[in-house]
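Undergrad: Residues in the sequence shown are numbered consecutively from 210, following my numbering. Shown below is the structure under consideration.
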Amino acid sequence: MRHTNNVVYLAWLEQVAWAHSTALGLGPADYEAAGHGMVVRRHELDYRLATRLGERIVLGTWLTGIDKYSLHRHYQFIRLDDGQTVFRGQTHFVCVDIAQGRVRRMPARFQEVYAAATRADPPAGGAGGADPAQ
Numbered sequence: 210m211r212h213t214n215n216v217v218y219l220a221w222l223e224q225v226a227w228a229h230s231t232a233l234g235l236g237p238a239d240y241e242a243a244g245h246g247m248v249v250r251r252h253e254l255d256y257r258l259a260t261r262l263g264e265r266i267v268l269g270t271w272l273t274g275i276d277k278y279s280l281h282r283h284y285q286f287i288r289l290d291d292g293q294t295v296f297r298g299q300t301h302f303v304c305v306d307i308a309q310g311r312v313r314r315m316p317a318r319f320q321e322v323y324a325a326a327t328r329a330d331p332p333a334g335g336a337g338g339a340d341p342a343q
């Protein structure tokens with residue numbers, strides 16, 4: 210088959226989320242220093258088209274909502290060869306105190322950084338001119 214296993218998509222979600230968060234200025238070390246983490250409360254995953262070994266896929270993510278305790282992150286994966294959206298998904302994260310494992314208010318810095326990066330709509334266009342609404 211050589212198709213992409215669903216577990217690989219979950220790894221891609223984590224990788225692109227961390228890359229985005231780090232680019233915004235909140236990397237793993239910042240989370241550790243704050244003693245807080247964002248954990249998944251819920252995933253919604255739409256596998257639209259199969260992907261196969263050797264295909265080039267662009268991974269995109271953006272934030273669509275934030276409150277004192279949680280944030281919503283959306284994802285879109287586009288196959289470069291034909292510009293098709295192969296995957297769309299979203300994750301609802303909640304903030305926890307790492308030591309206690311309990312839901313806690315996000316540190317002020319987290320709220321500031323993530324609020325500044327939050328957008329109501331998906332990014333326009335995309336790799337290869339693909340329409341994110343596809």
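Heads up, the beta-carbon is just placed ideally off N, CA and C, and yes, glycines get one too.
1) Of the residues Ser230, Ala243, Val303 and Ala326, which one's Cα is nearest the Cα of Tyr278?
2) For the alpha helix (DSSP H) that contains His229, what are its first and last residues?
3) So, for Arg250: in the same chain, excluding its five sequence neighbours on each side, which residues have a beta-carbon less than 6 Å away from its beta-carbon?
4) Buried or exposed: which applies to Leu235, given that a residue is buried once 16 or more other Cβ atoms fall within 10 Å of its Cβ?
5) Using three-state DSSP, classify Glu264 as helix, strand or coil.
6) For my contact list, Arg282 and Ala226 are in at a C-beta cut-off of 8 Å; report their separation, rounded to the angstrom.
7) By the 10 Å Cβ neighbour count, where 16 or more other Cβ atoms means buried, how is Gln285 classified, buried or exposed?
8) Kindly indicate which three-state DSSP category Arg257 falls into: helix, strand or coil?
9) Kindly indicate which residue of Glu241, Gly244 and Arg261 has the alpha-carbon position closest to the one of Tyr218.
10) Using 8 Å for Cβ pairs, my map puts Leu254 next to Gly292. What's the rounded Cβ distance?
TA: Looking at the atomic coordinates:
1) Val303
2) Asn215 to Leu233
3) His301 and Val303
4) buried
5) coil
6) 6 Å
7) buried
8) coil
9) Arg261
10) In fact, because the Cβ distance is near 21 Å, the residues do not count as touching under 8 Å.
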